[in-house]
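There are 2 protein chains.
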Amino acid sequence: MKLAEAKDKFLQTWGALGSNWGVSRTMAQIHALLLIAPDPMSAEDVMEQLQISRGNANLNIRALIDWGLVQKELRSGERKEFFVAEKDIWKVFRMVVKERRKRELEPMLRILADLKEIDGSKTDRETKEFIEVIDNIHRLAGKADKSLATLIKADENWFLGSVMKLMR
Amino acid sequence: MKLAEAKDKFLQTWGALGSNWGVSRTMAQIHALLLIAPDPMSAEDVMEQLQISRGNANLNIRALIDWGLVQKELRSGERKEFFVAEKDIWKVFRMVVKERRKRELEPMLRILADLKEIDGSKTDRETKEFIEVIDNIHRLAGKADKSLATLIKADENWFLGSVMKLMR
DNA sequence: ATAAACTTTCAAAAAGTTTTGAAAGTTCAA
DNA sequence: TTGAACTTTCAAAACTTTTTGAAAGTTTAT
Numbered sequence: 001m002k003l004a005e006a007k008d009k010f011l012q013t014w015g016a017l018g019s020n021w022g023v024s025r026t027m028a029q030i031h032a033l034l035l036i037a038p039d040p041m042s043a044e045d046v047m048e049q050l051q052i053s054r055g056n057a058n059l060n061i062r063a064l065i066d067w068g069l070v071q072k073e074l075r076s077g078e079r080k081e082f083f084v085a086e087k088d089i090w091k092v093f094r095m096v097v098k099e100r101r102k103r104e105l106e107p108m109l110r111i112l113a114d115l116k117e118i119d120g121s122k123t124d125r126e127t128k129e130f131i132e133v134i135d136n137i138h139r140l141a142g143k144a145d146k147s148l149a150t151l152i153k154a155d156e157n158w159f160l161g162s163v164m165k166l167m168r
Numbered sequence: 001m002k003l004a005e006a007k008d009k010f011l012q013t014w015g016a017l018g019s020n021w022g023v024s025r026t027m028a029q030i031h032a033l034l035l036i037a038p039d040p041m042s043a044e045d046v047m048e049q050l051q052i053s054r055g056n057a058n059l060n061i062r063a064l065i066d067w068g069l070v071q072k073e074l075r076s077g078e079r080k081e082f083f084v085a086e087k088d089i090w091k092v093f094r095m096v097v098k099e100r101r102k103r104e105l106e107p108m109l110r111i112l113a114d115l116k117e118i119d120g121s122k123t124d125r126e127t128k129e130f131i132e133v134i135d136n137i138h139r140l141a142g143k144a145d146k147s148l149a150t151l152i153k154a155d156e157n158w159f160l161g162s163v164m165k166l167m168r
């Protein structure tokens, strides 16, 4: 396989993966592009390489910065902004987990806590079943939340090393 | 909060969550509905409660069965099919992880292995950077794959218990 | 103050995804 | 067999998300 072909395949694959991870297709592609770029790229460079519009490029680069996956790099004497991706994949993974925990898990925990406050006799089957299910979900979600909080802070080798050893 | 209101809120919340997890909105709502139902429900029941069409109900119930989240239940003397959701949330979680591992992680691992086969001098910066990045991703993805394989087989208390203790 | 070099915004268009519902298919009791 | 009771399929419609591109905004050198 030629380099150009491999690069393209990687952009496509990373893009597809992204849409399964709450990161939009283009966002993931821009990230992929920056990941394999040996040097910082300007918005213009990104637009050209991925054949996307100025607005689209701008929007998604901004989102990547928001997620903490890309950083601006300014050069003295240049007005243009350049961008670099975080290249430590373990850090990227943690960033994504962190962001999703904030956006999804935390709101859900609040709602579940609310739902348990349902009033009425815990005697009829419907109510009983409902409370039981919500409670189970709430407990698991709580544990997951704590585990993720720790994972977010953890060092790669330490984490994967211990978990995998543990798992024999 | 009244039971009916709480149920509705739960259906909406679970539906929204689903779309972040590779399970379509309606699919997740049907799952939620079955989760809190004290008894098995027929396709007709689901259609009525969720106000969705026959085709939609059928398609998504089938998908849920595919994912292993819902099971058919036949009653002798009745031609209609009834459906029950898996109510053990930890099992549900494992099922989802298992399915996504198969659908996303495994194909990606194959592609990454391929991408490393790139030919050409590892001397120029572009090629070097590319191989380096792909290799890092491949290694992390491999570790993740192994960890997930173990998690899928693990028992809830054992898993969360040990990981959380470990994480202190 | 001006203009060149950029970045940001946003409404409209395109693309992608999900849902519908009518028609076709299947199963089973009689 | 037949037909009633269901389930499945699929093309078209509805809805959602993403992308575009032109216009507006910002910054900096002169």
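Those protein sequences? They're chains F and G, same order as listed. Each residue of the first sequence is one higher than the one before, starting from 1 at the first, in my numbering. Each residue of the second sequence is one higher than the one before, starting from 1 at the first, in my numbering. Ideal placement from N, C-alpha and C gives every residue a C-beta, glycine not left out.
#### Entry: ASN157 (chain G) versus TRP90 (chain G) - alpha carbon distance
10 Å
### Query
Can you list the residues of chain F that LEU3 (chain G) reaches, using a CB-CB cut of under 8 Å?
ILE118, GLY120, GLU126, THR127, PHE130
### Query
For GLN29 (chain F), does the count of other Cβ atoms within 10 angstroms reach 16, so buried, or fall short, so exposed?
buried
### Task
Under 8 Å by Cβ, that's how I've got ALA32 (chain G) and LEU11 (chain G) pegged, so tell me the actual separation to the nearest angstrom.
Yes, ALA32 (chain G) and LEU11 (chain G) are in contact; Cβ-Cβ is about 5 Å, under 8 Å.
### Task
Using alpha carbons as the reference points, say which of G:GLN71, G:PHE130, G:PHE83 lies closest to SER174 (chain G).
Lying outside 1 to 168, the shown extent of chain G, residue 174 (chain G) is not represented and no answer is given.
### Message
According to DSSP, is MET41 (chain F) part of a helix, a strand, or is it coil?
### Response
strand
### Query
Since ASN20 (chain G) meets chain F, which of its residues come closer than 7 Å, beta carbon to beta carbon?
GLY22, GLU104, listed in chain order.
### Query
chain F partners of VAL97 (chain G), CB-CB under 8 Å?
None at all; the shortest Cβ gap to chain F is about 12 Å.
#### Entry: Test item: CB-CB of ALA57 (chain F) and VAL46 (chain F) under 9 Å
Cβ atoms of ALA57 (chain F) and VAL46 (chain F): closer than 9 Å.
### Message
Cutting at 7 Å between CB atoms, please list the residues of its own chain near LEU112 (chain G), excluding the five before and the five after it.
### Response
ILE134, ILE137, HIS138, ALA141
### Query
In terms of alpha-carbon separation, which member of G:GLU104, G:LEU151, G:GLU48, G:ASP114 lies closest to ASN20 (chain F)?
G:GLU104
### Query
Straight-line CA distance for ASP88 (chain F) to ASP155 (chain F)?
Approximately 12 Å between the Cα atoms of the pair.
### Query
Helix or strand or just coil, what does DSSP make of LEU69 (chain G)?
Three-state DSSP puts LEU69 (chain G) in coil, outside helix and strand.
### Query
What is the C-beta distance between GLY22 (chain G) and ARG100 (chain G), in whole angstroms, given that I count them as a contact (C-beta under 8 Å)?
6 Å
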